[in-house]
Amino acid sequence: MDQKNPFESPITFKLHRAEYLVFFAISIVLTIIHFGEINWWAWAGLFLYIDLIGYIPGAIAFRRSKDGRISKTYYVLYNTMHSLVTQTVVVGLWLLLFGPEWALLAIPFHVYGDRGLFGNFLKPFGLPFEPTPNPIYERLMALMKTRSDHEDRVPAPVHHERVQVGASS
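Residues 108 to 276, numbered by the working numbering, are exactly what the sequence shown covers, in order.
Have a look at this one:
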């Protein structure tokens with residue numbers, strides 16, 4: 108995946124998820140270490156509010172929809188609530204208003220868990236709200252697999268000029 112090809116292969120997707128699993132594991136370790144110091148009501152609220160606002164309304168709308176099409180508002184709610192930018196602002200505001208609190212670990216636990224454990228990243232408008240195989244992506248992956256299975260070298264960049272080492276000009 109790069110700025111010109113914003114998609115992932117199954118292997119890069121797994122690697123991307125693994126990066127989030129590291130931070131998910133850190134949030135678990137910190138939760139265990141500070142178990143007795145956590146305000147569990149605050150932890151539960153911080154964990155749940157993300158999905159109460161960002162996921163559940165869209166999931167209900169998606170299940171009620173006859174054709175799977177729902178308002179973009181649900182995507183915006185999901186992406187806003189599951190954004191690390193938004194949650195960093197929430198943590199910052201909490202720190203300013205209430206001070207440090209181990210219950211804030213619920214936020215990285217939730218977001219990193221969603222991404223690392225379940226592979227749920229931000230939702231693009233062009234795909235169904237719930238994970239559904241996309242035939243275009245499946246064809247692209249099949250084409251890329253065929254290329255990589257039959258070639259022993261990775262493809263050169265699209266606008267790459269071939270340069271032969273030792274060739275005379």
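All C-beta atoms in this analysis are idealised placements derived from N, C-alpha and C, irrespective of residue type, glycine included. Since the structure is predicted, the reported quantities are computational estimates derived from the model, not experimental observations.
By a C-beta neighbour count over all protein chains shown, 10 Å radius and 16 as the cutoff for buried, is residue i buried or exposed?
i: Trp150; result: buried
i: Gln194; result: buried
i: Leu153; result: buried
i: Pro215; result: buried
i: His141; result: exposed
i: Ala210; result: buried
i: Val202; result: Per the sequence shown, residue 202 should be read as Leu rather than Val. Label assigned to Leu202: exposed.
i: Tyr181; result: buried
i: Ser178; result: exposed
i: Leu212; result: buried
Going straight from the alpha carbon of residue i to that of residue j, what length do you get?
i: Thr119; j: Lys173; result: 34 Å
i: Leu224; j: Pro117; result: 15 Å
i: Ile139; j: Lys252; result: 42 Å
i: Leu184; j: Leu250; result: 34 Å
i: Met170; j: Gly161; result: Sequence check: residue 170 is Arg here, not Met. Straight-line Cα distance between these residues: approximately 15 Å.
i: Phe131; j: Leu137; result: 10 Å
i: Pro242; j: Pro231; result: 16 Å
i: Glu208; j: His123; result: 29 Å
i: Asp158; j: Met188; result: 8 Å
i: Ile109; j: Met248; result: The residue you asked about is not Ile; residue 109 is Asp in the sequence shown. For Asp109 and Met248, the distance between alpha carbons rounds to 16 Å.
i: Leu200; j: Asn146; result: 17 Å
i: Leu155; j: Phe205; result: 19 Å
i: Gly197; j: Leu191; result: Gly is not the amino acid found at residue 197; the sequence shown has Val there. Going by the C-alpha atoms only, they are around 10 Å apart.
Could you spell out the range, first to last residue, of the alpha helix (DSSP H) harbouring residue i?
i: Arg171; result: 163 to 171
i: Lys230; result: Run containing Lys230: none; DSSP gives neither H nor E here.
i: Asn186; result: 179 to 188
i: Ser116; result: No alpha helix (DSSP H) holds Ser116; DSSP gives it neither H nor E.
i: Leu224; result: 213 to 225
i: Leu202; result: 191 to 205
Grab me the residues of residue i's own chain with a C-beta within less than 7 Å of its C-beta, minus the 5 sequence neighbours each way, in chain order.
i: Asn227; result: Asp221
Between the region 228 to 241 and the region 160 to 169, do at least 3 Cβ pairs fall closer than 8 Å?
Judged by Cβ distances under 8 Å, the region 228 to 241 makes contact with the region 160 to 169, as three or more pairs qualify.
Can at least three beta-carbon pairs, one atom from the region 120 to 128 and one from the region 217 to 232, be found at a separation below 8 Å?
They touch, by the three-pair rule.
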